[in-house]
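Notes follow the structure.
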Amino acid sequence: MVEYTSRIDIIFSALADPVRRDMIERTADVELTVNQIAVDYDMSLAAVSKHLKVLFEAGLIDRRKDGRYHFISMRKDGMRDVVAYMQQYENAWSERLEQNNEKK
0 MVEYTSRIDI
10 IFSALADPVR
20 RDMIERTADV
30 ELTVNQIAVD
40 YDMSLAAVSK
50 HLKVLFEAGL
60 IDRRKDGRYH
70 FISMRKDGMR
80 DVVAYMQQYE
90 NAWSERLEQN
100 NEKK
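Mind the numbering: the sequence shown is residues 0 to 103 in numbering that gives the first Met the number 0, read in order.
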């Protein structure tokens, strides 16, 4: 449970930054080079690389090297733990709402 919670914390921390959320969205359906990603941000290539490193360490993106190019894509299963975690709360709240509706 501690390892699972730690993983969730790392993912939420990575997702806390709007730039990183945008990077994930941009790579959801297409593989992009680091330079293709960087062109849309007003920051250095090094800063973009740091954001990508955080996403990679959180398990949210994959990296592939082909020659001198680094390709980035969203991991399709990267959010699985977060979705499962949030589903627990969605189920609990749905049950509570149903109970409240039955009391009326």
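By construction, the Cβ of each residue, glycine as well, lies at the ideal position given by its N, Cα and C atoms. None of the values given here were measured: they were computed from a predicted structure.
Are the CB atoms of residue j and residue i within a distance shorter than 8 Å?
{"i": "H69", "j": "V33", "result": "yes"}
{"i": "D80", "j": "R6", "result": "yes"}
{"i": "R74", "j": "D61", "result": "yes"}
{"i": "E30", "j": "S93", "result": "no"}
Would DSSP call residue i helix, strand or coil?
{"i": "L44", "result": "helix"}
{"i": "D16", "result": "coil"}
{"i": "D104", "result": "Residue 104 lies beyond the stretch modelled for the chain, which goes from 0 to 103, so this question has no answer here."}
{"i": "D8", "result": "helix"}
{"i": "K64", "result": "strand"}
{"i": "L59", "result": "coil"}
Report the option in the options whose CA atom is closest to the CA atom of residue i.
{"i": "H50", "options": "E94, I23, R6, K64", "result": "I23"}
{"i": "L14", "options": "A57, S93, A91, L96", "result": "A57"}
{"i": "P17", "options": "S93, Y40, D28", "result": "Y40"}
{"i": "D8", "options": "D28, M42, K102, M78", "result": "M78"}
Counting C-beta neighbours from all protein chains within 10 Å, is the total for residue i 16 or more, i.e. buried, or is it exposed?
{"i": "V47", "result": "buried"}
{"i": "M85", "result": "exposed"}
{"i": "V53", "result": "buried"}
{"i": "T26", "result": "buried"}
{"i": "L96", "result": "exposed"}
{"i": "L59", "result": "buried"}
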